[in-house]
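*Asks:*
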Amino acid sequence: MPRKCSIGLCKSNYYTTNQPRVTVYGFPSTEKDLDRWLSAIPHKMDKDKVTLNMGVCARHWPDNVLMKRVKGHDVPAVPPSIFPPGAELYKPRRSYRNPSMRKVVNYFKSVNSKNAIVIPSEYINSTAKDNIPSSLIQLADKLKSKLFIQQHQLTYFMKGDYLHLLKFNDAYTVVEYSIHINKLFHVTAHLAATNVEIHGGLLNNEKKLLKWSQLKIMIQVMENLRGTHGS
């Protein structure tokens, strides 16, 4: 897989975009040159967390940039100088050294659960009509009649003890986000563009999906995140 660009708001080589692949130059191995690159980048980057898998794409240099030969490869001889508007406001997501913690599971925080989508109580319909069916099969059957499922063009299917809801890109080649509900009605949502993974926490102590309005709000949160991260 091509290396992704590490500049904030740049989506070069992200698999959720349909743009052609772009050359990405790894960060310099010498401390002096690395410091020059990091000083030129408008948003903060922790030098201690720069890895061999990170780099800056060719879009951040002019076409006629001076190149030099390093370990058999042509690389820019000067730091990057072209950045997207608003890049200076970009805040890199927290990274974890432990591979099992790389996915961000605390994107939303609440008093009761640090790994929760926070749904204000005023948005939850308290009527019995809003109650979801008592089994996953019944829930799946009812989804086809729900307008919010049709509006967001979600694909859904049962597999084993899970009901899966998937949002594809326009070409139906990439899953942009997914929501998974198990037989106990516990919910996990995953946003592909950013490796954000959100667990449970739907405004009840059991962390279970109980209301249609909960599912509707959860889908809206994922749609908003999808837009924010340049799907």
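Sequential numbering from -17 applies to the sequence shown in the working numbering.
Backbone N, C-alpha and C define an ideal beta-carbon position, used for all residues, glycine too.
In the DSSP assignment, the beta strand (DSSP E) including K50 goes from what residue to what residue?
*Replies:* Where K50 is concerned, the enclosing beta strand (DSSP E) stretches over 49 to 52.
*Asks:* In the DSSP output, what is H214 paired with across the bridge?
*Replies:* One cannot answer for residue 214 here, as it falls past the ends of the chain, which runs -17 to 213.
*Asks:* Can you list, in chain order, the residues of its chain whose CB lies under 8 Å from that of C39, leaving out five sequence neighbours each side?
*Replies:* Counting only Cβ-Cβ distances below 8 Å, and skipping sequence neighbours, we find C(-13), I(-11), C(-8), S(-6), N(-5), V4, T5, V6, Y7.
*Asks:* Restricting to Cα atoms, I'd like to know which of L129, L34, T12 is closest to S195.
*Replies:* Nearest C-alpha to S195: L129.
*Asks:* Evaluate P44 with the Cβ neighbour count: other Cβ atoms within 10 Å of its Cβ, from every protein chain shown; 16 or more gives buried, anything less gives exposed.
*Replies:* When all chains shown are included, P44 counts as exposed.
*Asks:* Note down the Cα distance separating D17 from M36, rounded to an integer number of angstroms.
*Replies:* Straight-line Cα distance between these residues: approximately 15 Å.
*Asks:* Output needed for K124: all residues of its chain with C-beta closer than 8 Å, excluding positions within five of it in sequence on either side, in chain order.
*Replies:* Contacts found: I114, P115.
*Asks:* Just how far apart, CA to CA, sit W19 and Q133?
*Replies:* Their Cα atoms are separated by approximately 44 Å.
*Asks:* So what's M36 in DSSP terms, helix, strand or just coil?
*Replies:* The answer is coil: DSSP assigns M36 none of H, G, I, E or B.
*Asks:* What whole-angstrom Cβ distance do H168 and Y144 have, given they're in contact under 8 Å?
*Replies:* The pair is not a contact, with the Cβ atoms about 10 Å apart (cut-off 8 Å).
*Asks:* Kindly indicate which residue of A22, L147, L71 has the alpha-carbon position closest to the one of E205.
*Replies:* Residue L147 is the option with its Cα nearest to E205.
*Asks:* Please report how far the alpha carbon of Q120 lies from the alpha carbon of K198, in whole angstroms.
*Replies:* Using only the alpha carbons, I get a separation of about 17 Å.
*Asks:* Have a look at K53, M27, G54, K14 and flag the residue whose alpha-carbon is nearest the alpha-carbon of E70.
*Replies:* Checked all of K53, M27, G54, K14; the closest Cα to E70 is M27.
*Asks:* From the DSSP output, in three-state form, read off F130 for me.
*Replies:* Helix, per DSSP.
*Asks:* Let's test the definition: count the other Cβ atoms within 10 Å of the Cβ of H55 and tell me whether it reaches 16, buried, or not, exposed.
*Replies:* The residue is exposed, with fewer than 16 neighbouring Cβ atoms inside 10 Å.
*Asks:* What separation, rounded to the nearest whole angstrom, lies between the Cα atoms of V32 and L192?
*Replies:* Taking the straight line joining both Cα atoms gives about 43 Å.
*Asks:* Thinking C-alpha only, which one of L48, V156, G142 is nearest L136?
*Replies:* Closest option to L136, Cα to Cα, is V156.
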